[in-house]
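Trainee: Protein chains in written order, with this note's numbering: chain Y, 71 to 183; chain H, 103 to 218.
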Amino acid sequence: QKEVEQNSGPLSVPEGAIASLNCTYSDRVSQSFFWYRQYSGKSPELIMSIYSNGDKEDGRFTAQLNKASQYVSLLIRDSQPSDSATYLCAVNILATGGFKTIFGAGTRLFVKA
Amino acid sequence: GAGVSQSPSNKVTEKGKDVELRCDPISGHTALYWYRQSLGQGLEFLIYFQGNSAPDKSGLPSDRFSAERTGGSVSTLTIQRTQQEDSAVYLCASSLSGGTNTGELFFGEGSRLTVL
């Protein structure tokens, strides 16, 4: 089992719709979870972090965490064509000397105008 | 500098040559990570540093790969006797509180390595 798993997509949604991105992780000790956005040819940039069970909202983005199910999701409301990118789920997992950040393979999102 | 700086941005080399990739993290960030991203793929963890120490080197693909960090700042990733499968973008990231269970990563622009 991979440490962080995501559906590779592509996920295609019409403009204005809600995009739902999902991620599961294997390390029960993990406490820190992140969503990064990566445009083609660019480096990843952090869009959301979440550390507690429940929902965390920031503008059009909502991150959801369920530690019992080892599940993290990202909702993008009122999707825009500019949201088209690859979304990477990242989890801090227990490693030698502390924790290290491991990424999922990413989900490609296309928002159609 | 204001962000994570990587050099060179682009490197083309011949198979069998050695290459060095450099990363200058955000000032004050104690943790530094190296990842590799092949075309269309996710980020593959290589190594991370907490200060000058590398607690976890488990992601290095082979003994041709090594990394060091000096003065708790600049890091160098060295690939010896490069192979074509080493071609990828090498991304460096730094974090204010790595090694603990927090830590948002800030990435550099990457070094694109092409091995002919």
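No residue lacks a Cβ here, since even glycine has one placed at the ideal position from N, Cα and C.
This structure is a prediction, so every number in the text was calculated from the model and none was measured.
Short of 6 angstroms in beta carbon distance, which residues of its chain neighbour Y141(Y), apart from the five on each side in sequence? Order them along the chain.
Mentor: Sequence index remark: in the first sequence, residue 141(Y) carries index 71 (1-based). Excluding sequence neighbours, Y141(Y) sits near T94.
Trainee: Do you know how far the Cα of S113(Y) is from the Cα of L158(Y)?
Mentor: To locate residue 158(Y), count along the first sequence from 1; it is residue 88. To locate residue 113(Y), count along the first sequence from 1; it is residue 43. Rounded to whole angstroms, L158(Y) to S113(Y) spans 11 angstroms at the Cα level.
Trainee: Going by DSSP in three states, D158(H) sits in which element: helix, strand or coil?
Mentor: Working through the second sequence from its first residue, we reach residue 158(H) at position 56. It is a strand residue.
Trainee: Since I117(Y) is in the beta strand (DSSP E), which residue starts that stretch and which ends it?
Mentor: Locating residue 117(Y) in the first sequence gives position 47, counting from the first residue. From DSSP, the beta strand (DSSP E) with I117(Y) extends over E115 to I120.
Trainee: Output yes or no for whether 8 angstroms exceeds the beta carbon distance between R178(Y) and L81(Y).
Mentor: To locate residue 178(Y), count along the first sequence from 1; it is residue 108. To locate residue 81(Y), count along the first sequence from 1; it is residue 11. Yes, these two residues count as a Cβ contact at 8 angstroms.
Trainee: Figure out for me which residue from S96(Y), E73(Y) and Q134(Y) has the closest Cα to the Cα of I146(Y).
Mentor: As a first step, residue 146(Y) is located in the first sequence; it is residue number 76 there, counting from the start. Ranking S96(Y), E73(Y) and Q134(Y) by Cα distance to I146(Y) puts Q134(Y) first.
Trainee: Note down, in chain order, every chain Y residue with its Cβ under 9 angstroms from the Cβ of E211(H).
Mentor: Sequence index remark: in the second sequence, residue 211(H) carries index 109 (1-based). What E211(H) touches in chain Y: K112 and S113.
Trainee: Please name the residue in V191(H), L198(H), P110(H) and K117(H) whose C-alpha comes closest to that of L148(H).
Mentor: Within the second sequence, numbered from 1, the residue matching residue 148(H) stands at position 46. When each option's Cα is compared against that of L148(H), the closest is V191(H).
Trainee: At what residues does the beta strand (DSSP E) containing N162(Y) begin and finish?
Mentor: Indexing the first sequence from 1 puts residue 162(Y) at position 92. Counting along the chain, the beta strand (DSSP E) containing N162(Y) begins and ends at A155 to A165.
Trainee: Quick check: what's the CA-CA separation for I181(H) versus V121(H)?
Mentor: Residue 181(H) sits at position 79 when you count from the first residue of the second sequence. Residue 121(H) sits at position 19 when you count from the first residue of the second sequence. Whole-angstrom Cα-Cα distance: 5 angstroms.
Trainee: Give the residues of chain H in contact with F180(Y), contact being defined as C-beta atoms less than 7 angstroms apart.
Mentor: Position 110 of the first sequence, counted from the start, is the residue given in the question as residue 180(Y). Residues of chain H passing the Cβ test: none, with the nearest at roughly 15 angstroms.
Trainee: Closest to L116(Y) by C-alpha separation, out of N77(Y), F173(Y) and N136(Y), would be which residue?
Mentor: Position 46 of the first sequence, counting from 1, holds the residue named residue 116(Y). For L116(Y), the nearest C-alpha among the options comes from F173(Y).
Trainee: I want to verify the contact list: residues of chain H whose CB lies under 8 angstroms from the CB of L116(Y), in sequence order.
Mentor: Locating residue 116(Y) in the first sequence gives position 46, where the first residue counts as 1. In chain order: E206, L207 and F208.
Trainee: So, does the CB of D165(H) fall closer than 8 angstroms to a CB anywhere in chain Y?
Mentor: Within the second sequence, numbered from 1, the residue matching residue 165(H) stands at position 63. So, not an interface residue.
Trainee: Going by beta-carbon coordinates alone, are D158(H) and G167(Y) separated by less than 8 angstroms?
Mentor: Working through the second sequence from its first residue, we reach residue 158(H) at position 56. Working through the first sequence from its first residue, we reach residue 167(Y) at position 97. Contact flag set, yes.
Trainee: Tell me whether D126(H) sits in a helix, a strand or coil according to DSSP, three-state version.
Mentor: For this step, residue 126(H) is matched to residue 24 along the second sequence. Looking at D126(H) - three-state DSSP - the assignment turns out to be strand.
Trainee: Within the stretch 94 to 145 of chain Y, note down every full beta strand (DSSP E) run reaching 3 residues or more, in order along the chain.
Mentor: The stretch 94 to 145 of chain Y contains these whole beta strand (DSSP E) runs: 103 to 108, 115 to 120, 124 to 128 and 131 to 136.
Trainee: From this set, A195(H), T132(H), G105(H) and N112(H), which residue's C-alpha is nearest T172(H)'s C-alpha?
Mentor: Here the question's residue 172(H) lines up with position 70 in the second sequence. Ranking the options by Cα distance to T172(H), first place goes to T132(H).
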